[in-house]
Amino acid sequence: MIALALPATTTDDGFIAPTIEDTHYPNILPWGGEYGVMFEAGFGKQMALMILSVIIIATFFLIASRRRQLVPGKLQFLGESAYGFVRNSIGKDIIGGRDFMKYVPWLFTAFFFVLVNNIFGAIPLLQIPTFSHPGSAYAIAAIFFVLWVGIGLKKHGLRYLKLAVVPSGVPWPILIIVVPIEIISNFIVRPVTHSLRLFATMLAGHLIVTLAGSAIAYMVGSGSILLQGTSVLVLLGFIAMYMLEALIMVLQAYVFTLLAAIYIEGALHADAH
Amino acid sequence: MLSTAIMAVETTANPLVPNVWELLVTVVGFAVLLFIVVKYVMPAFEKTFAERTEAIEGGIAKAEAAQAEADAALSEYRQQLTDARTEANRIREEARAEGAQILADLKARAATESARITEQAQVQIDAERQAALVSLRSEVGMLATELASRIVGESLADDARSSRVVDRFLADLEASSQSAGAAQ
């Protein structure tokens, strides 16, 4: 357990809760800090995991899709089920019609990219959901923001901006209120919530794991029988939270992809809304 | 001022401030993955799906053809079966008629035969009765003559006379028996 090794847990002045800084591990390579404040120096565990996730996903699906048998083996069946799930349950059902195939790779990549990176948080030693770092969450939400705005502009031209913010059939005095709300909701709140939802759930889950781990370490190391006994309760609660967190990790990957599909569909059929 | 504010942000590690390196790694990672998916993974899966659909649809077409063929064969067999049943019925009917004919013929033949046998027997009986009658008549005459000659003590050997007596007696006997038969 990484959490047991956290420095904040064994001070003599009583329990000090770990902070978010404790979830940022020392960098593997000290590098790149000279460009500004937002460029934290160094190549850290989070980036390593991000790259690892790309390697894992690419390897798995390349192997699973390589043999292309009519009657699939176990691995191919697993790959096809995973691909078919995103293709049909998310792409076809949400976007629908003839156009959905064009966006399936985006949704497919997003789903497994987010899923694997989230699951990292539930694997001991890896133990960090990569999207609990805001940069990653902003990045992937921004990719989809650019994508669906681009789709809208390509499909409807500049008229898309009007279609997106002016609902049809609303009398003009109300439009004065509605249009700013729509602008804020569609072009500001939507990408922000898209990224923050993923980031916040992952960070919260990760903090609970960290907090419970350091609390148990503190209680066990405190020398008091009472605290050591109570730590069992913390452990039980921690296991339950861990399970819940695993569920949320999968769920958030699905939610992220589902919302991306809904945004794409909204941009494609902006004139129908 | 600005740098101290930023320093403050950095030291308290505002969770909303991104690390641009992480942001870039994410974008690049996503792009690499997307490229691999578009270039290799998706075409392979789609091709497999298409091939499988084709195989299944081809299989369905083949099954439909086989089904049609089976249906045709079945109706043909049914037709043949109906024909065979009709034929069998016809043959059975014919056999029954023929049997009845044979039976009637046999009955008729048997009746003729029995009539013939009866008639023949009748004839034979008549002939035998006639013969018996003749022999009886001569024998009875002889016995009666013998008896009478013994009774009267004289010879009744005169054949002519005795023959006359006997004939008269028998004629009387027959007459009486006939009248008795008539009375009955």
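So the sequences go chain by chain: A and B.
Each residue of the first sequence is one higher than the one before, counting from 2 in our numbering.
Each residue of the second sequence is one higher than the one before, counting from 11 in our numbering.
We treat Cβ as the ideally placed atom computed from N, Cα and C, and that holds for glycine.
| query | Hey, is the region 209 to 217 of chain A in contact with the region 71 to 88 of chain A, meaning 3+ C-beta pairs nearer than 8 angstroms? | reply | no
| field | Whole-angstrom distance between phenylalanine 257 of chain A and threonine 20 of chain A, CA atom to CA atom | value | 27 angstroms
| said: By the DSSP assignment, the alpha helix (DSSP H) with glycine 80 of chain A in it spans what residues? | reply: 75 to 85
| message | Strictly below 7 angstroms CB to CB, what residues from chain A border arginine 36 of chain B? | response | As written in the sequence, residue 36 of chain B is threonine, which differs from the arginine given in the question. Near threonine 36 of chain B (Cβ distances below 7 angstroms), the residues of chain A are Met51, Gly136, Ser137, Ala140, Ile141.
| Does any residue of chain A bring its CB to less than 8 angstroms from the CB of threonine 14 of chain B? | Caution is warranted here: a pLDDT of 41 is assigned to threonine 14 of chain B, below 50, making its placement in the model unreliable, and the coordinate value is therefore given only provisionally. Threonine 14 of chain B does not count as touching chain A.
| field | Outcome for tyrosine 87 of chain B when other beta-carbon atoms lying within 10 angstroms are tallied against a minimum of 16 | value | exposed
| field | Distance between asparagine 24 of chain B and methionine 11 of chain B (C-alpha atoms, nearest Å) | value | Residue placement at methionine 11 of chain B cannot be trusted, given a pLDDT of 37 that sits under 50; what the coordinates show is reported in the next sentence. Approximately 18 angstroms, taken between the alpha carbons.
| said: Rounding to the nearest angstrom, what Cα-Cα distance links valine 37 of chain B and tryptophan 149 of chain A in this structure? | reply: 16 angstroms
| request: Name, going along the chain, the residues of the region 180 to 210 of chain A whose beta-carbon falls closer than 9 angstroms to a beta-carbon of chain B. | output: Leu197, Phe200, Ala201, Leu204
| Near alanine 254 of chain A, which residues of its chain fall below 7 angstroms by C-beta distance, leaving aside the five closest residues on each side in sequence? | Phe112, Val115, Leu116, Asn119
| request: Can you give me, in chain order, the residues of the region 50 to 61 of chain B that have a beta carbon less than 7 angstroms from any beta carbon in chain A? | output: Tyr50, Val51, Met52, Ala54, Phe55, Lys57, Thr58, Glu61
| said: Can you tell me where the alpha helix (DSSP H) holding histidine 195 of chain A begins and where it ends? | reply: 191 to 222
| field | isoleucine 57 of chain A to valine 251 of chain A span [Cα, whole Å] | value | 17 angstroms
| message | For leucine 7 of chain A and histidine 207 of chain A, I'd like the C-alpha separation in whole angstroms. | response | For leucine 7 of chain A, the predicted model reports a pLDDT of 43, less than 50, meaning its position is unreliable; a value from the coordinates is still stated below. Looking at the two C-alpha atoms, the distance is approximately 14 angstroms.
| message | Beta-carbon within less than 7 angstroms of isoleucine 249 of chain A's beta-carbon, same chain only, minus the 5 sequence neighbours each way: which residues are those? | response | Thr202, Gly206
| field | chain B contact residues for phenylalanine 78 of chain A, given Cβ-Cβ distances below 8 angstroms | value | Per Cβ cutoff of 8 angstroms: no residues; phenylalanine 78 of chain A is ~11 angstroms from chain B at best.
| query | Whose Cβ in chain A lies nearer than 8 angstroms to the Cβ of glycine 39 of chain B? | reply | Met51, Ile52, Ser54, Val55, Phe114
| query | DSSP three-state call for phenylalanine 257 of chain A: helix, strand or coil? | reply | helix
| query | Which ranges does the beta strand (DSSP E) cover as unbroken runs of at least 3 residues, wholly within the region 57 to 114 of chain B, from first to last along the chain? | reply | none
| request: Have a look at tyrosine 223 of chain A and tyrosine 50 of chain B and give me their C-alpha separation to the nearest angstrom. | output: Residue 223 of chain A is actually serine in this sequence, not tyrosine. In a straight line, the C-alpha of serine 223 of chain A is about 56 angstroms away from that of tyrosine 50 of chain B.
| task | Return helix, strand or coil for isoleucine 161 of chain B, following the three-state DSSP convention. | result | helix
| Does glutamate 79 of chain B have its Cβ less than 8 angstroms from a Cβ in chain A? | no
| task | Mind reading off the beta-carbon distance from leucine 50 of chain A to phenylalanine 121 of chain A? Whole number of angstroms is fine, and I expect it under 8 angstroms. | result | 5 angstroms
| task | Within 10 angstroms of the Cβ of valine 233 of chain A, are there 16 or more other Cβ atoms? Answer buried if so, exposed if not. | result | exposed
| Proximity winner among A/Phe62, A/Ile178, A/Arg191, relative to leucine 260 of chain A (alpha-carbon distances) | A/Arg191
| message | So, for leucine 154 of chain A: in the same chain, excluding its five sequence neighbours on each side, which residues have a beta-carbon less than 7 angstroms away from its beta-carbon? | response | Tyr161
| Listed by chain order, chain A residues near glutamate 67 of chain B by CB distance under 9 angstroms | In chain order: nothing, as chain A lies at least about 13 angstroms away.
| Burial state of tryptophan 303 of chain A, where buried means 16 or more other Cβ atoms lie within 10 Å | Beyond the ends of chain A as shown, which are 2 and 274, falls residue 303 of chain A; an answer cannot be given.
| DSSP on leucine 71 of chain A, reduced to helix/strand/coil? | coil
| said: Can you tell me where the alpha helix (DSSP H) holding alanine 36 of chain B begins and where it ends? | reply: In the sequence as displayed, the identity of residue 36 of chain B is threonine instead of alanine. Looking at the DSSP string, the run of the alpha helix (DSSP H) that includes threonine 36 of chain B is 30 to 46.
| Cα-Cα, which of A/Leu63, A/Gln47, A/Thr60 is closest to leucine 126 of chain A? | A/Gln47
| query | Rounded to a whole number of angstroms, what is the C-alpha to C-alpha distance between alanine 4 of chain A and isoleucine 129 of chain A? | reply | Low per-residue confidence applies at alanine 4 of chain A: pLDDT is 41, beneath 50, and the placement is therefore not dependable enough to give any value.
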